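In the working numbering, the protein residues as written are 1 to 95. Working notes, structure below.
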């Protein structure tokens, strides 16, 4: 069974946010942390995994990613703080 993830990265609490989708969250977050992904996350040092969701279908994950990207910033912060009030880096918990 395949698992897909929508994830939110931040550079600090209430900082700059990045939303992505992947089928291998450990590999993908590692790539972000090591600056192997050129672009937005590298430019703004966005490396902390603060939120993620699991899906069984890529279509569901991509749909959710697009939905979250359209949300207001305040809604995204509430979503993060509901599950991760301290804005801990969840990467260590999933590895």
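Even glycine gets a Cβ: it sits at the ideal position worked out from N, Cα and C. Remember, it's a predicted structure, so these values are computed and weren't measured experimentally.
- In the DSSP assignment, residue 4 falls within the beta strand (DSSP E) that extends over 4-10.
- CA-CA distance, residue 38 to residue 66, rounds to 21 Å.
- Between residue 91 and residue 29, the gap from beta carbon to beta carbon is short of 7 Å.
- Annotation: residue 34 to residue 48 spans about 12 Å, alpha carbon to alpha carbon.
- Under a 10 Å Cβ-count criterion, residue 41 is classified as buried, with 16 or more other Cβ atoms of the shown protein chains found around its own Cβ.
- In the DSSP assignment, the residues bridged to residue 19 are 8.
- Following the DSSP letters along the chain, one finds residue 68 inside the alpha helix (DSSP H) bounded by residues 58-70.
- The beta carbons of residue 7 and residue 55 sit no closer together than 7 Å.
- Excluding its 5 nearest sequence neighbours in each direction, residue 20 has C-beta neighbours in its own chain below 6 Å: 7, listed in chain order.
- Counting of Cβ neighbours within 10 angstroms places residue 9 among the buried residues, the total reaching 16 or more.
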